[in-house]
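Using full-length UniProt numbering, read the sequence shown as starting at 1 and increasing by one per residue. Every residue gets a Cβ at the ideal spot worked out from N, C-alpha and C, and that includes glycine. Data block below; observations after.
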Amino acid sequence: MKITKNVVPSIAYQVRTQDGVLVDEAPVNQPLEYLHGHNNLVEGLEKALEGKAVGDTFEVRVSPEEGYGEYNENMVQRVPKDVFMGVDELEVGMRFIADTDLGPLPVVITEVDGDEVVVDGNHMLAGQELLFSVEVVATREATLEEIAHGHIHQEGHGCGCGGHEEEGHGCCGGGHHHHHDHEHDHHHGHGGCGCGGHGHHH
1 MKITKNVVPS IAYQVRTQDG VLVDEAPVNQ PLEYLHGHNN LVEGLEKALE
51 GKAVGDTFEV RVSPEEGYGE YNENMVQRVP KDVFMGVDEL EVGMRFIADT
101 DLGPLPVVIT EVDGDEVVVD GNHMLAGQEL LFSVEVVATR EATLEEIAHG
151 HIHQEGHGCG CGGHEEEGHG CCGGGHHHHH DHEHDHHHGH GGCGCGGHGH
201 HH
């Protein structure tokens, strides 16, 4: 079965930055399963998978335009420290979900300066060209329910890549965040963050 719209592939992959740093992976025994053709992967990777079949292996370079977007300075904001009420000690690297006019947005603290905190709403891989090494492990037909909902329902290593970061899914190319020390995915209703410029969400 070739990978086309409404097929559910299982893929093993590694993704590295231009500098060769491994930022995410899914091994053959824990492959990523997703619904093809519904923007569940970054655009460049999904395009490269079109027409592939079980056993195919390939590498593809994905530009920021077809990956996680260009780095947007407008998504870096300085906010009062008191918007993080309930957090005893704020540290660089902590991640939160900010309430914005366009919905929940994952942000990371990049600086703590007295009574103010600098947060960055860019994806951690924004502005970077990525190299994906991929193997197609399995394929199956999607269920009617999965097609209607636009994503798979099976639990596992799967992720809602692309524009679904706000739903808390992991993402190919970094959204699993397992290479980072501080994971504090608290939800704080600090609407004042107002991180604008969501141009990199496809």
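In angstroms, rounded to a whole number, what distance separates the CA positions of residue i and residue j?
i: Thr-17; j: Glu-146; result: 32 Å
i: Ser-63; j: Val-87; result: 37 Å
i: Val-76; j: Gly-150; result: 31 Å
i: Ala-148; j: Leu-131; result: 31 Å
i: Asp-120; j: Leu-41; result: 22 Å
i: Val-134; j: Ser-10; result: 10 Å
i: Glu-91; j: Val-112; result: 7 Å
i: Ala-98; j: Pro-80; result: 13 Å
i: Val-118; j: Thr-110; result: 6 Å
i: Thr-57; j: His-38; result: 22 Å
i: Val-136; j: Thr-100; result: 37 Å
i: Ala-26; j: Ile-152; result: 17 Å
i: Gly-197; j: Gly-93; result: In this prediction, Gly-197 has a pLDDT of 35, which is less than 50 and means its spatial position is unreliable; what the coordinates show is noted afterwards. Taking the straight line from one Cα to the other gives about 22 Å.
i: Tyr-13; j: Glu-66; result: 17 Å
i: Met-1; j: His-36; result: 13 Å
Count the other CB atoms, across all protein chains shown, that sit within 10 Å of the CB of residue i; report buried if there are 16 or more and exposed otherwise.
i: Asp-82; result: exposed
i: Gln-128; result: buried
i: Leu-102; result: exposed
i: Leu-125; result: buried
i: Leu-32; result: buried
i: Lys-52; result: buried
i: Gly-175; result: Residue placement at Gly-175 is poorly supported in this model, since its pLDDT is 35, which falls under 50; the coordinates are not used for a value here.
Report, in whole angstroms, the separation of the C-beta atoms of residue i and residue j, which I expect to be a contact under 8 Å.
i: Ile-3; j: Leu-49; result: 5 Å
i: His-123; j: Tyr-34; result: Not a contact, Cβ separation roughly 18 Å.
Check whether the Cβ atoms of residue i and residue j lie closer than 7 Å to each other.
i: Glu-116; j: Arg-78; result: yes
i: Ala-142; j: Val-8; result: yes
i: Ala-138; j: Val-54; result: yes
Check the Cβ-Cβ distances between residue i and every residue of chain D, and say whether any is below 7 Å.
i: Thr-143; result: The question asks about chain D, but that chain is absent: this structure has only one protein chain.
Check whether the region 57–73 and the region 104–116 touch, using three or more Cβ-Cβ pairs below 8 Å as the test. no
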